[in-house]
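Trainee:
Chains as they are written, first to last, in the numbering used here: chain Z, 1 to 76; chain R, 101 to 176.
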């Protein structure tokens, strides 16, 4: 079973990586970029029988810092 | 317009971040994690009229190192 977790900084939390990418895109001549947020994606290859609940626990305990980050789980 | 870009290390490229996450999950008692790959996700807020081709150019020029990374574009 495959699971994909997206971890993004919550709205309102300063995202210096995203700001740097936005600046660099502007410097390269890409206009019309109004905002950039950068996060992490973690692809997990899990034994059969793993549940979304377990993946949620992994996020809470390790993958995301839930004070400043939110996460989304996709199960394939 | 919103675009989301996933940048992952290509298969066969060593992923030390993913390996560290796999090890840490095991240490926390999560069994059955057979593999972990970690990548980046970049959310772009673009002016209307931007095209997937433009986002592809951004990936080629800045967002991904195409020697070792592959990218996927999702347009919302």
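For each residue, glycine too, the CB sits at the ideal point set by N, CA and C.
#1: With 8 Å set as the bound, which would you pick, yes or no: does the beta-carbon of residue 143 (chain R) sit closer than that to a beta-carbon of chain Z?
#2: Compute the distance between the beta-carbons of residue 4 (chain Z) and residue 60 (chain Z), then report whether it is under 8 Å.
#3: Take residue 44 (chain R) as the anchor and find which of Z:57, Z:13, Z:2 and Z:65 has the nearest alpha-carbon.
#4: Just to make sure I have the definition right: I need the residues of chain R whose C-beta is within less than 8 Å of the C-beta of residue 21 (chain Z). Which are they?
#5: Contact between the stretch 116 to 125 of chain R and the stretch 136 to 155 of chain R: three or more CB pairs below 8 Å?
#6: Closest to residue 6 (chain Z) by CA distance: which of R:141, R:113, R:108 and R:133 is it?
#7: With 16 as the cutoff for other CB atoms within 10 Å, does residue 146 (chain R) come out buried or exposed?
#8: CA-CA distance, residue 131 (chain R) and residue 65 (chain Z)?
#9: Only counting the same chain, and skipping five residues up and downstream in sequence, which positions put a Cβ closer than 6 Å to that of residue 112 (chain R)?
#10: Taking just the CA atoms, how far does residue 69 (chain Z) sit from residue 63 (chain Z)?
#11: Whose C-beta lies closer than 7 Å to the C-beta of residue 8 (chain Z) among residues of the same chain, with five residues either side of it excluded?
#12: Residues of chain Z with CB closer than 8 Å to the CB of residue 134 (chain R), please, in chain order.
Mentor: From the atom records:
#1: Indexing the second chain from 1 puts residue 143 (chain R) at position 43. Yes - at least one Cβ of chain Z is within 8 Å of the one on residue 143 (chain R).
#2: The residue given as residue 4 (chain Z) occupies position 4 in the first chain. The residue given as residue 60 (chain Z) occupies position 60 in the first chain. Their beta carbons are not under 8 Å apart, which means residue 4 (chain Z) does not touch residue 60 (chain Z) by this criterion.
#3: In the structure as shown, chain R starts at 101 and stops at 176, and residue 44 (chain R) therefore has no counterpart that could be examined.
#4: Locating residue 21 (chain Z) in the first chain gives position 21, where the first residue counts as 1. Residues of chain R whose Cβ lies closer than 8 Å to the Cβ of residue 21 (chain Z) are, in chain order, 142, 162 and 163.
#5: yes
#6: Taking the first chain and counting its residues from 1, the one referred to as residue 6 (chain Z) is at position 6. When only C-alpha atoms are compared, the closest one is R:141.
#7: Taking the first residue of the second chain as position 1, residue 146 (chain R) is located at position 46. Per the 10 Å Cβ criterion, buried.
#8: Numbered from its first residue, the second chain carries residue 131 (chain R) at position 31. Numbered from its first residue, the first chain carries residue 65 (chain Z) at position 65. Rounded to the nearest angstrom, the two C-alpha atoms are 21 Å apart.
#9: In the second chain, residue 112 (chain R) corresponds to position 12, counting from 1. Contacts found: none.
#10: Counting from 1 along the first chain, the entry for residue 63 (chain Z) is found at position 63. Counting from 1 along the first chain, the entry for residue 69 (chain Z) is found at position 69. Cα-Cα distance, rounded: 10 Å.
#11: In the first chain, counting from the first residue as 1, residue 8 (chain Z) sits at position 8. Taken in chain order, the residues that qualify are 37, 39, 69 and 70.
#12: Against the second chain, residue 134 (chain R) aligns to sequence position 34. Under the 8 Å cutoff, chain Z gives 45, 46 and 47.
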